[in-house]
Amino acid sequence: MIIVSGPSGAGKGTLIRRMHERFPFLRTAISATTRPMRPTEKDGREYHFLSEDEFLAHVADGDFLEHVIYAGNRYGTLRSEVDRHLHHGDSVVLEIELRGARALRDALPDAVTIFIEPPSRDELVRRLRARDTEAEADIQVRLAESLVELEASQEFNYQVRNDDLDAATAEMARIVDAVTRSS
Ligand code: 5GP
129 MIIVSGPSGA GKGTLIRRMH ERFPFLRTAI SATTRPMRPT EKDGREYHFL
179 SEDEFLAHVA DGDFLEHVIY AGNRYGTLRS EVDRHLHHGD SVVLEIELRG
229 ARALRDALPD AVTIFIEPPS RDELVRRLRA RDTEAEADIQ VRLAESLVEL
279 EASQEFNYQV RNDDLDAATA EMARIVDAVT RSS
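Take 129 as the starting number for the sequence shown in our numbering and just add one per residue.
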């Protein structure tokens, strides 16, 4: 299992999409969230979009490998999503924030962890604003969370700095290639 983490706006999603193009056997576990769906998103593709009650029912049933509240919304990795792919022998990629990554790393010591770094704090702010999908208050919360996350980069097995997307893609591809060959 490959755990990809790093601040909101670092470019995790873009890099993971590029890994799927290069490594067709990679599978992404679709997380559940209570955050509102963005106009470009589709239920079951980016996330399983759940109500608060639905999410809490999964918590009560023990369906999550980990779950957190991030920027006021709930996010969680569904055990069923991960198991489904592992049963087929595929490599599973998870894109999650810091606290979830820590919890999974402790629970699954074989997992390989990759931290995606933005080029700078200023660039992170610019990217978060350029997204234009979140309200100002939400951007502020994400920024605060992101600054905390940046401090933790050295806890991860690998760090990929995303200042040049093609260079970051090549770097991440080297890691994914090495990890999936040896597993
Ligand atoms: P966004 O709302 O921008 O899609 O995601 C916010 C943050 O939640 C991102 O850092 C994303 O990686 C993280 N996230 C997405 N799914 C999960 C999950 O299942 N568990 C945890 N802990 N974080 C998640």
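No residue lacks a Cβ here, since even glycine has one placed at the ideal position from N, Cα and C.
Inter-residue CB distance, residue i and residue j (contact presumed, cutoff 8 Å)
| i | j | result |
| --- | --- | --- |
| Ile-130 | Ile-242 | 7 Å |
| Glu-223 | Gly-137 | Not really, about 13 Å apart at Cβ, beyond 8 Å. |
| Leu-226 | Glu-277 | 5 Å |
| Leu-206 | Asp-191 | 6 Å |
| Arg-150 | Ala-301 | 5 Å |
Residues bridged to residue i [DSSP beta-bridge criterion]
| i | result |
| --- | --- |
| Ser-137 | The sequence shown places Gly at residue 137, rather than the Ser named in the question. Gly-137 pairs with nothing; no bridge assigned. |
| Gly-200 | Answer by DSSP bridge pairing: none, since Gly-200 is not bridged. |
| Phe-192 | Leu-206 |
| Ser-179 | Looking at the DSSP assignment, Ser-179 forms no beta bridge with any residue, so it has no partner. |
| Glu-223 | Val-132 |
| Gln-287 | Phe-243 |
| Asp-171 | Tyr-175 |
| Leu-154 | Ser-219 |
| Thr-161 | Phe-177 and Tyr-203 |
Residue i to residue j span [Cα, whole Å]
| i | j | result |
| --- | --- | --- |
| Arg-173 | Met-165 | 11 Å |
| Leu-256 | Phe-183 | 26 Å |
| Ser-208 | Leu-178 | 16 Å |
| Asp-216 | Val-210 | First, the residue type needs correcting, since residue 216 is His and not Asp in the sequence shown. Computed Cα separation, rounded: 10 Å. |
| Glu-279 | Val-220 | 26 Å |
| Leu-236 | Glu-264 | 36 Å |
| Ala-298 | Gly-228 | 26 Å |
| Ser-133 | Gly-204 | 14 Å |
| Ala-272 | Leu-252 | 11 Å |
| Asp-291 | Leu-275 | 17 Å |
| Arg-146 | Ala-185 | 34 Å |
| Val-304 | Val-187 | 31 Å |
| Pro-152 | Arg-249 | 33 Å |
Contacting residues, own chain, Cβ-Cβ under 6 Å from residue i (five flanking each side not counted)
| i | result |
| --- | --- |
| His-148 | Leu-154 |
| Val-240 | Ile-130, Asn-285 and Val-307 |
| Glu-180 | Thr-162 |
| His-213 | Arg-155 and Val-220 |
| Arg-289 | Glu-245 |
Close-in-space but distant-in-sequence residues of the same chain around residue i (CB under 7 Å, 5 per side omitted)
| i | result |
| --- | --- |
| Ile-267 | Leu-256 and Arg-257 |
| Ile-144 | Val-132, Thr-156, Val-221 and Glu-223 |
Close-in-space but distant-in-sequence residues of the same chain around residue i (CB under 8 Å, 5 per side omitted)
| i | result |
| --- | --- |
| Glu-262 | Leu-256 and Arg-270 |
- Query: For the 8 Å Cβ check, are there 3 or more pairs between the stretch 243-250 and the stretch 196-211?
  - Reply: no
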